[in-house]
Amino acid sequence: MKKNTYLTSGEFAKLCGVEKHVLFYYDEIGLFSPVYTKENGYRYYTYRQFDTFEMIKCLQKMNMSLEDIKFYLEKRSPELFISLLEEKEKKIQSQIDELKAISQMVQRFASNTNEGMQVKADEITIDYYPKQNIILSYPIKHGKEKDLTLSLINFQTYANKHMLVIQKNVKYVMRIDTLNTKDFSTPDFLYTEANKYIKGVTTLRKEIMMLTIIHQGDYDSLPVTYNKLLDYAKEHDIPLGEYVYEDYLFSRLNQQDPSKYRTKIMMETKLPIKKVDRS
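Per this note's numbering, the sequence shown starts with residue 6, numbered consecutively.
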C-alpha cells in the first residue's frame, strides 16, 4: 500500500465534515466502507470516495433512509440515478412550496398585528380593497353549532390539501341580509385568503369599496358593532353589497385579554371604486 495515496479515517472524516464514528457505523452496516483495512483494524480511504460520501449526505438531506441509500448504491445505474433525482426534485419543489406558504402566513400574521397596534378602534371609514383570491366554505346552517364545527374541520382540511393558504386563520363571512334579521348566532360561510387562483377551488373577490371598522372586545360583543355599521350605512344612504367579512388583528394568538381583542369588520358596498389612502 502506498501510504501517501490513502487517507486515515480521521483525515477522511475531516474532509467530509463528519465524526469518525459515522464512518465506523457506515462500515458496520455495509453502507460505505474503506478501500483498505489493516489487520490492526485501521481503516483507509481514498479521495475518489469523497463524491460517493457526498452523495450519501445529499440523499440524507432529502430524508432518504440509510437503508434506502444502501439499496440504491448496491443497484445504482444511470437510469436508476435519473429516476431517483426526478423523484427527489418533485419532493424538494413540494417542500419549497410549503415553506413559501409558511413564509406568507408569517408575514400576514405580522401585518395583522402591526395593523392592530396602529389603527383606531370604533372608527368607521370607507376603504378600497383590491381583488383577492379567497377560499370559501359551503353555506353553514344558522344555529347549528355541530354544523359549524364540521364546517371548520372540513374547511381546514380542504385548504391544507390545496396548499393555498396565506393565513391559516379561518374567518367568518356573514350575508348582510342575515345581519338585517339580527341573527348573529353563526356565520354564513368561512373564508381565508389564498395565494393564487385555481378554478373550482378558489373564489375571486373583486375590487370593492367597503365600510370598515375595528371592533375592540370579545366576540360576543360583535353584534353591537355590526349594528353600528348598518345604522351608519342607512344614515348616510350608502348602498350595501352582499357580504361582510371579519379579520382578526388581535385574537387568542397574540392577546391574552379578550376585552382587548381587535376584529376588523369589512362590509361590502355598491359605491363606485375609489382608491382611498388610509395612511
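Glycine is no exception: its CB is placed at the ideal position from the N, C-alpha and C atoms.
For a test of the three-state rule: what should DSSP assign to A199, helix, strand or coil? strand
Verify whether the separation of the beta carbon atoms of I139 and P192 is less than 7 Å. no
Can you grab the Cα-Cα spacing for the pair D293 / G246, in whole Å? With the chain represented from 6 up to 284, any question about residue 293 goes unanswered, as that position is not in the structure.
Contact set for K176: own chain, Cβ-Cβ below 8 Å, skip 5 residues either direction: L195, Y196, T197, Y250, E251, D252 and Y253
Please list the terminal residues of the continuous beta strand (DSSP E) segment that includes H220. I213 to Q221
Can you name the start and end residues of the alpha helix (DSSP H) that K80 belongs to? L71 to K80
Environment of M122 [buried if 16+ CB atoms lie within 10 Å]: exposed
Starting from the Cα of T130, find the closest Cα among E24, E33, M215 and A106 and give me that residue. M215
Counted within 10 angstroms of its Cβ, other Cβ atoms place P39 as buried (16 or more) or exposed: buried
Identify whether G246 lies in helix, strand or coil by the three-state DSSP scheme. strand
Shortest alpha-carbon distance to K19 belongs to which of P135, T51 and F114? T51
Is L285 buried or exposed, if buried means 16 or more other CB atoms sit within 10 Å of its CB? This structure does not reach residue 285, given that the chain is present from 6 up to 284, and the question cannot be answered.
Should S70 be labelled buried (16 or more other beta-carbon atoms within 10 Å of its own) or exposed? exposed
Roughly how many whole angstroms lie between the Cα atoms of S14 and K105? 41 Å
Could you check if K269 is buried or exposed, using at least 16 other CB atoms within 10 Å of its CB as the buried criterion? buried
From S284 to I218, what does the alpha carbon distance come to, in whole angstroms? Unreliable positioning characterises S284 in this predicted model, as indicated by a pLDDT of 47, which lies under 50. The coordinate reading is nonetheless provided below. When rounded, the distance between both Cα atoms is 15 Å.
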